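In terms of the numbering used here, the sequence shown is residues -8 to 303. Glycine residues also receive a C-beta, built at the ideal position from the N, C-alpha and C atoms. Computed from a predicted structure; not experimentally measured. Remarks on the structure that follows.
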Amino acid sequence: MKVGFLYEHPTWSDDLRTCFAKNGIELVAINVADAAFLTSKSDFDFDLCINRVNMMPSEGRASSVAAHTLHVLHLMESLGIEVINGSQAHFVGASKAVQNGIFESLGLDCPKSVAIYRPEDAPAAAETIGFPVIVKPNIGGSGSGVARFDTAQELRDAIADGSLDLGIDGTGLVQEYIRSDGHVYRVEILDGALFYSIRQQVVENQFNYCAADGCSISFDEEPAADDFDMCVIGNDGIVANEVPAEILQNVLDICAKSKADIGGVEYFLREDSGSACFYDFNPYSNFVGNGEALFGFSPEQRFVDFVKSRMG
């Protein structure tokens, strides 16, 4: 049985595809950014497809690939193809605003946010929330376009000089700045159960919390003290983390409501109260590179085993 494999980034799924090959599973690999499709079943030689398209198009891709991906996922589903992490999971992953709505609907703490589609609306939104604020693109990844503003003047200056970035679809969030315990926590779910959980140290530099080898950042020098962003240092700061039962249930609820077969939820622990504040859902699992050492198993192989169970 052939299995479809929809992806976009040229290298992020290489190890996973190698694992499928070692298990004797033939993948029909489709890079969504390079593909046009007949709108009929004849163009898809499989009945099961894995969606491994990252939320934000990789460098050099047209921004329209984000919408194209959703069209393709809906098309496959309408033709009766089973999609692992289908259109609903992908849509939620591609909308920070929708993610916050899901967190709120489940009664979970998340940063106070205002959704905007025009940069000039940011100051009024920030006044509603209170400074400092974060402004982030609605469709984002690896901290791209995220900026902190401590004053209304800083924000007005960014709007005036055109540096306020609302991302590929021109929409974004103005969001409460969360002071945390210095770590970001990520809980990965697979097939309605805990996949793995990690804790990652952050430093003040950039808003990049990616735990994968391909998108973490290392520093040769100490970051400037007046640089307010938060950035993960390499991935040697990643440790396995025992997730509390209540938070695990929260994450399971988020993934279930998002209709995600696999995905990760990230949260901070508030500096003042120690309580969890949820800020991101990502159906594109990182598959940390040192999974065997961290967890005692291969995340890639465990995912392949899950796909085998869906192959019938």
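Extent of the continuous beta strand (DSSP E) to which residue 105 belongs:
104 to 107
Measuring CB to CB, does residue 155 end up less than 7 Å from residue 149?
yes
Counting only runs that start and end within the segment 59 to 112, where is the beta strand (DSSP E) found for 3 or more residues in a row?
73 to 75 and 104 to 107
If I measure Cβ to Cβ from residue 24 and keep anything under 6 Å in the same chain, skipping five residues before and after, which residues do I get?
-1, 52 and 56
On a Cα-Cα basis, can you pick out the residue from 108, 175 and 21 that is closest to residue 266?
175
Can you tell me the Cβ-Cβ gap for residue 272 and residue 245, rounded? I've got them flagged as a contact below 8 Å.
6 Å
Among residues of its own chain, excluding the 5 on either side of residue 119, which ones have a beta-carbon nearer than 7 Å to its beta-carbon?
105
For residue 91, which residues in the same chain have their Cβ closer than 7 Å to its Cβ, ignoring the five residues on either side in sequence?
101 and 104
Just how far apart, CA to CA, sit residue 74 and residue 137?
31 Å
Keeping to the same chain, check which residues put their C-beta closer than 6 Å to that of residue -5; ignore five residues upstream and five downstream.
19, 37 and 40
With DSSP as the reference, identify every bridge partner of residue 129, one or two as the case may be.
According to DSSP, residue 129 bridges with nothing at all.
Buried or exposed for residue 5, please, with buried defined as at least 16 other CB atoms from any protein chain shown within 10 angstroms of its CB.
exposed
Could you tell me whether the Cβ atoms of residue 230 and residue 178 are closer together than 7 Å?
no
Residue 135, DSSP secondary structure in three states:
coil
Among 301, 294 and 302, nearest to residue 9 - alpha-carbon criterion:
294
My parser needs the beta strand (DSSP E) runs of 3 or more residues fully inside the segment 5 to 32; what are they?
18 to 22
Need the endpoints of the alpha helix (DSSP H) that residue 172 sits in, please.
Counting along the chain, residue 172 falls outside any alpha helix (DSSP H), and DSSP gives it neither H nor E.
Considering only C-alpha positions, which residue in the set 3, 7, 16 and -3 is nearest to residue 300?
16
Spatial neighbours of residue 268 in its chain, beta-carbon cut-off 7 Å, leaving aside the 5 residues before and after
100, 101, 102, 169, 258, 259 and 261
Name the residue from 239, 79 and 84 whose alpha carbon lies nearest to the alpha carbon of residue 185.
239
Can you give me the C-alpha to C-alpha distance between residue 46 and residue 143, rounded to a whole angstrom?
30 Å
Among 253, 291 and 129, whose alpha-carbon lies nearest the alpha-carbon of residue 275?
253
Express the C-alpha separation of residue 193 and residue 214 in angstroms, rounding to a whole number.
Its pLDDT being 38, under 50, residue 214 is placed unreliably by the model, and the measurement read from it follows with that caveat. Rounded to the nearest angstrom, the two C-alpha atoms are 12 Å apart.
Option in 2, 167 and 87 with minimal Cα separation from residue 121:
167
Nonlocal neighbours in the same chain, by C-beta distance under 7 Å from residue 292, ignoring five residues either side:
10
Count the other CB atoms within 10 Å of the CB of residue -8; is the residue buried (16 or more) or exposed (fewer)?
exposed
Same chain only: Cβ atoms within 8 Å of residue 95, ignoring 5 sequence neighbours per side:
101
Measure from the alpha carbon of residue 109 to the alpha carbon of each residue in 86, 161, 173 and 297, then state which is nearest.
161
With DSSP run on the structure shown, which of helix, strand or coil describes residue 143?
helix
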